[in-house]
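Visitor: Under this note's numbering, the first residue of the sequence shown carries the number 1369, and numbering increases by one thereafter.
Idealized CB from N, CA, C, for every residue including glycine.
Bear in mind that the values here come from a model prediction, so they are computed numbers and not experimental data.
My structure is below; once you've seen it, I'll send some questions.
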Amino acid sequence: MEKNREELNEIIRLLREKYPDGDKCSLTFKSPVQLLVSTILSAQCTDVRVNKVTPSLFARFPDAASLALADVSEIEELIHSCGLYRSKAANIKKCAEMIVERFDGTVPDNIDDLTKLPGTGRKTANLVIGEWFGRPAYVIDTHVKRIWHLIGITDSETPESIERDLRLLIPPEDPEASDALALSHLLITHGRNTCKAGRPDCAVCCIKEHCDHFEKKHAKRDG
Ligand code: SF4
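Structure representation (structure tokens):
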């Protein structure tokens, strides 16, 4: 079933009703550098864990300049409990060095430059654009991609092509373009709670009436 903006609005409304705080970023940060660092730390780690680690990390190294000069072993020690701490510490330091050396200590405000930073892919770059710079952003992570495929909004595979499909439904010039970022957060929350990878709990899903996977499953059972 093809989805239009109207149906997408209904999906957003239902998800917001189910997860009243689920349309926001759950990482804690006070600057774009802190958001970048928190996002690097969140790979294969929960946001709750990241938020426990970052207060001491940012108290010791509050900005790009201090992180660029940091001893990497000290960063490792502070972020140890987030997992993959060696590669994350190396990326955090390299990212801070590049911000200082190539961007005068300021986090860039465009996707092309953001994705040049070590440890920063399109997902993180879009998150910074949306959360910090307040511009339309299209965050595609594994939850978002999986649920978009199940619902039937896109069958595109790469983040770039999924992003393009989403831009057609919620164009950047749409007065409610901030819905795109809110929808990504809601789908991530839905993916963690209900539409889990490999075992979606369709019986209790608030958007099942709009989901192609659910419709096909029922058609098979009833047919
Ligand atoms: S109906 Fe099932 S597959 Fe579809 S979004 Fe809900 S939980 Fe996921």
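CB of His1517 to nearest heavy atom of the ligand SF4: below 7 Å?
Guide: No - the ligand SF4 has no heavy atom lying nearer than 7 Å to the Cβ of His1517.
Visitor: Short of 8 Å in beta carbon distance, which residues of its chain neighbour Leu1554, apart from the five on each side in sequence? Order them along the chain.
Guide: Once the five neighbours on either side are set aside, the close Cβ partners of Leu1554 are Ile1380, Leu1383, Arg1384, Tyr1387, Gly1390 and Asp1391.
Visitor: Would you kindly work out how many angstroms separate the C-alpha atoms of His1581 and Ser1410, rounded to a whole number?
Guide: Roughly 29 Å separates the two Cα atoms.
Visitor: So, does the region 1432–1441 touch the region 1456–1468, judging by three or more C-beta pairs under 8 Å?
Guide: The region 1432–1441 is in contact with the region 1456–1468.
Visitor: With Phe1397 as the anchor, note down where its alpha helix (DSSP H) starts and where it stops.
Guide: Per DSSP, Phe1397 belongs to no alpha helix (DSSP H) and is neither H nor E.
Visitor: If contact is defined by three or more beta carbon pairs under 8 Å, each pair taking one atom from either stretch, is the region 1555–1565 in contact with the region 1508–1515?
Guide: Touching, per the Cβ criterion.
Visitor: With DSSP as the reference, label Cys1563 as helix, strand or coil.
Guide: Of the three classes helix, strand and coil, the one that applies to Cys1563 here is strand, per DSSP.
Visitor: Buried or exposed for Val1405, please, with buried defined as at least 16 other CB atoms from any protein chain shown within 10 angstroms of its CB.
Guide: It is buried - the Cβ of Val1405 has at least 16 other Cβ atoms within 10 Å.
Visitor: For Lys1576, verify whether its CB is less than 7 Å away from any heavy atom of the ligand SF4.
Guide: True, at least one ligand heavy atom lies under 7 Å from that Cβ.
Visitor: Round the Cβ separation of Arg1428 and Leu1403 to the nearest angstrom and send it over; I've been treating them as touching at under 8 Å.
Guide: Actually they are not in contact, since the Cβ atoms of Arg1428 and Leu1403 sit about 18 Å apart, beyond 8 Å.
Visitor: Is Pro1423 helix, strand or coil by DSSP?
Guide: Residue state, collapsed to three classes: helix.
Visitor: Please report the straight-line C-alpha distance between Leu1425 and Glu1444, rounded to a whole angstrom.
Guide: Between Leu1425 and Glu1444, the C-alpha separation is close to 10 Å.
Visitor: In whole angstroms, give me the CA-to-CA distance for Val1468 and His1586.
Guide: Those two C-alpha atoms are separated by around 56 Å.
Visitor: Alpha carbon to alpha carbon, how far is Leu1537 from Lys1513? Give it in angstroms, no decimals.
Guide: Roughly 15 Å between the two C-alpha positions.
Visitor: Which residues in the same chain have their Cβ closer than 6 Å to the Cβ of Thr1396, if we skip the five residues on either side of it in sequence?
Guide: Taken in chain order, the residues that qualify are Asn1419.
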